[in-house]
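Peer 1: Before I ask anything, here is the structure I am working with.
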Amino acid sequence: MGVIAVIGGTGVYDPSMFEHIEEKTMATPYGEIAYTKGSYKGKQLIFLARHGKGHSIPPHLINYRANIWGLKKLGVTMIVSTTAVGSLNTDYAPGHFVLVDQFLDFTKSRVSTFFDGNGKKVVHLGVGNPYSPALRKVIMEAAEELNIEAHNGGTYVCTEGPRFETPAEIKMFKMMGADTVGMTNVPEVVLAGEAEIAYATISMVTNFAAGISPTELTHQEVLDIMAEMSDKFKALILRTIEKLDPNQDLPCHHRLAEYGGFKAALGKEGELL
Ligand code: HPA
């Protein structure tokens, strides 16, 4: 039976919205992960707090490979992640939800593939559709049912962090077509793609980005908006889970077909899955 995972970003740490929850840890070839197992309306769920307990891991030090490898091992077929983002698009105001469909990668120090030599195949993931169109469609339907305003589509620029951006950087990203900015979606979305897990992210706009907003952004401001919106966020996630069928076969589950699939392409490491 397929499992749905929720990766909670900034401001989304609380798995108590799910039932039968159990705290667990698991060893992966990339290090240990901590996660919560649970269910909702009969569906098996995994919740993973991206920044760790008490928001202790900064964006550039998150063990993205351990997280995604662990989810794959746990039978996860669909990931709905959450991200707090700044907005570069005046139509996307603080408090709005955005389901991005493209990314720009401005990270600098992160390993963004499982295929790093060591006897594994040389894999070039196609990223025409980095965010699952099928999952985004379900999230949009859930938002409509709940009367929650959500924008379907947009380009997310991922910065290295942990500092916020300069106004000059934001001006450049805007010229390049970015609508939102955050620090965590890359390489998470890429690794989920390699692992043949359908992935979508629900972004919450917490602020206008540097230079668009006249005031300097603080982390507290991001947390405050996330806290204000947390009931809506939870409702949207739960309705989405209700509507998702984790056993549905999607194109995302076959993205490495030309390499024999994720497990085969990993070689010896794949035997551990
Ligand atoms: N920049 C980067 N990350 C963010 C922002 C921002 O303005 N807001 C929330 N996360």
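In case it helps, UniProt numbering puts the sequence shown at residues 1 to 273.
Note that the Cβ used here is the ideal one computed from N, Cα and C, for glycine as well.
1. Just how far apart, CA to CA, sit residue 325 and residue 25?
2. Using a Cβ-Cβ cutoff of less than 7 Å, which residues in the same chain neighbour residue 40 once the five nearest sequence positions on both sides are dropped?
3. Anyone know if the C-beta pair for residue 113 and residue 2 falls short of 8 Å?
4. Less than 8 Å separating the beta-carbons of residue 5 and residue 79?
5. Taking C-beta to C-beta, are residue 284 and residue 173 nearer than 8 Å?
6. Expressed to the nearest angstrom, what Euclidean distance is found between the alpha-carbon atoms of residue 73 and residue 89?
7. Quick one: is the Cβ of residue 185 within less than 7 Å of any heavy atom of the ligand HPA?
8. Assuming residue 28 and residue 106 make a contact with CB atoms under 8 Å, what is their CB distance in whole Å?
9. Consult DSSP for residue 292 and reduce its assignment to one of helix, strand or coil.
10. Please specify which runs of the beta strand (DSSP E), each continuous and at least 3 residues long, are wholly inside the segment 166–235, giving them in chain order.
11. Taking residue 143 as the reference, give the member of 86, 197, 165, 203 with the closest Cα.
12. Tell me which residues share the same chain as residue 190 and place their Cβ nearer than 6 Å to its Cβ, disregarding the 5 neighbours each side in the sequence.
Peer 2: In short:
1. Nothing can be reported for residue 325: it is not among the residues displayed for the chain, which extend from 1 to 273.
2. What you label residue 40 is simply residue 40 of the sequence shown in a count that begins at 1. Closer than 7 Å at the Cβ level, and outside the excluded window around residue 40, lie 18, 19, 238, 241.
3. Translated into the one-based positions of the sequence shown, residue 113 becomes position 113. Translated into the one-based positions of the sequence shown, residue 2 becomes position 2. No. Outside cutoff.
4. On the sequence shown, residue 5 is found 5 positions in, with the first residue counted as 1. On the sequence shown, residue 79 is found 79 positions in, with the first residue counted as 1. Result yes, Cβ atoms of residue 5 and residue 79 sit closer than 8 Å.
5. This structure does not reach residue 284, given that the chain is present from 1 up to 273, and the question cannot be answered.
6. Position 73 of the sequence shown, counted from the start, is the residue given in the question as residue 73. Position 89 of the sequence shown, counted from the start, is the residue given in the question as residue 89. The straight-line gap from Cα to Cα measures roughly 38 Å.
7. For the purposes of this step, residue 185 is taken as the residue at position 185 of the sequence shown. No, the ligand HPA has no heavy atom inside 7 Å of this Cβ.
8. For this step, residue 28 is matched to residue 28 along the sequence shown. For this step, residue 106 is matched to residue 106 along the sequence shown. No, residue 28 and residue 106 are not in contact; Cβ-Cβ is about 27 Å, not under 8 Å.
9. The requested residue 292 does not occur in the structure, where the chain is confined to residues 1 to 273.
10. 180–182, 198–208
11. In the sequence shown, the residue the question calls residue 143 occupies position 143. Closest by alpha carbon: 203.
12. Within the sequence shown, the letter at position 190 stands for residue 190. Answer for residue 190: 112, listed in chain order.
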